[in-house]
Structures are given as structure tokens and as C-alpha cells.
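Asks:
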Amino acid sequence: MKHMIGKIQCGFTKGKLCMTNLIVFYDKVSCLVGVGGVPRGSILGPTLFNVFISDLDDGIKCTLMKFADDTKLSGEGDSLEGRVTLQEDLDKLEEWANKNLMKFNNDKCKLLHLGKHNPGVQHRLVSTRLGSSSAERDLRVLVDNKFNMTEQCAAATKKAKRMLGCINKGITSRDKKDIIPLYSALARPHLEYCVQFWSPLYKTDVDIL
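Residues 1 to 209 (UniProt numbering) make up the sequence shown, in order.
1. With a threshold of 9 Å between beta-carbons, can residue 71 be considered close to chain C, or not?
2. Roughly how many angstroms separate the alpha carbons of residue 95 and residue 46, rounded to a whole number?
3. Counting Cβ pairs closer than 8 Å, one from the segment 133-147 and one from the segment 83-97, do we hit at least three?
4. Per DSSP, residue 142 forms a beta bridge with which residues?
5. Quick check: the Cα distance between residue 90 and residue 125, rounded to an integer number of angstroms?
6. Ordered along the chain, which non-local residues of its own chain (more than five positions away) have a Cβ less than 7 Å from that of residue 197?
7. By the 10 Å Cβ neighbour count, where 16 or more other Cβ atoms means buried, how is residue 122 classified, buried or exposed?
8. Does the beta-carbon distance from residue 62 to residue 74 come in below 9 Å?
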């Protein structure tokens, strides 16, 4: 066998004979191997994806923000002209998806109406009316329609406390020189991540943090 295959078992199961794998493969194939798309986790994958969606914002009048496979379209909803423009841009996104044989996940597409006096007009995408949401995550930051950031403060505090619990159970030492580095590495980042955006406005939120 060593003279037939060699030492490198490229593509074969570790710990099994190469001939055994070949016999099993040719005897029965459980599923076809997909040859389309880009493998997950590849270095070239994000670049190829950015090239593929580079023309997504062509002809879009509202603000379109793209981050990986996340797309956000924002516009002014306090005027009829702004609402019409926003719907026209949604229609253009639908046309782009159909042209490139892509599909938007309607279950993940939500409307977030910001501002106290927002009329809350409904819009559609792919001939389906989009559902409204009171809060959505943007790069792990919870943004609510009132912009008071109370929910984000509570979520950040909960994550930090969870890390403190892990530190408390994970080490027996209570020396500052051991605790502070762990706190700075595990708990504090949850309280400081994008804090310039979601810094608390109310005293109750400050007290929680």
C-alpha cells in the first residue's frame, strides 16, 4: 500500500487504509459534492463576495450600507417624497437580486422606524410587506426605535456579569494582579465595545453599568 499511495493521505479519513476509503467511495456515495460557490472560511471568499455585490448600490438614492452579507437601507420617512424614494430603492434591490439569481430572506428583513414622530409607513420587498421591529442588532449593538439604548446597556451588563462569573469560578486566586488582567480581557470589552454610540443617557442605565 505504501508503494501504491504514498505517505500523504490527501482527502482520506485518518486512521483508515487508503484502499478501504476508495472501495467505500466507489461502492456508495451518500451525497454529491457541491462544486458551486466559495468555501466558508476561505481567505478569498470575502473578496469574491464584495466583487459580486459591488454593483448592488448602483442607482440607489437612499443610504445603502453593506457589511459582509448584511445590507441596510436607510432614508427619511417624514415626507412623501422620501417614502416614495425608499420604496423605489427597495424595488431596485429586488431587481438586482432577480438579475443575479439571488434571494433576500424576507424573515430577516425588518423595518426599524426611528424617531418619536415617525409615521411608521409600511414598505414591501419581493412583493411582500416587511414586518416592523422595535429593536435590531447592528454589529452586535442593539438599536431600538426610541434611541434610549436601555436594552443595549442591559445586554452589555449581562454579558459582562457572565464573564465575571466565569472568572470567579475559573480561578481560586483573589489577588488583584490575577483578577484585573482577566477582567480587562474578558469582561471590560463588553462594556466598552462601541460605547461611543450607545453610551447611557439615563441614571438608571449608568447605575446598572
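Beta carbons are placed, not taken as given, at the ideal position from N, Cα and C, and that holds for glycine.
Replies: The answer reads as follows:
1. Absent from the structure: chain C. Only one protein chain is present.
2. Position 95 of the sequence shown, counted from the first residue, corresponds to residue 95. Position 46 of the sequence shown, counted from the first residue, corresponds to residue 46. Cα to Cα, the separation comes out at about 23 Å.
3. no
4. Numbered from its first residue, the sequence shown carries residue 142 at position 142. Paired residues: 137.
5. For this step, residue 90 is matched to residue 90 along the sequence shown. For this step, residue 125 is matched to residue 125 along the sequence shown. Roughly 6 Å between the two C-alpha positions.
6. As a first step, residue 197 is located in the sequence shown; it is residue number 197 there, counting from the start. Result list for residue 197: 141, in chain order.
7. Along the sequence shown, one-based indexing puts residue 122 at 122. The residue is exposed, with fewer than 16 neighbouring Cβ atoms inside 10 Å.
8. Residue numbering aside, residue 62 sits at position 62 when the sequence shown is read from its first letter. Residue numbering aside, residue 74 sits at position 74 when the sequence shown is read from its first letter. It is a contact, given that the beta carbons lie within the stated cut-off.
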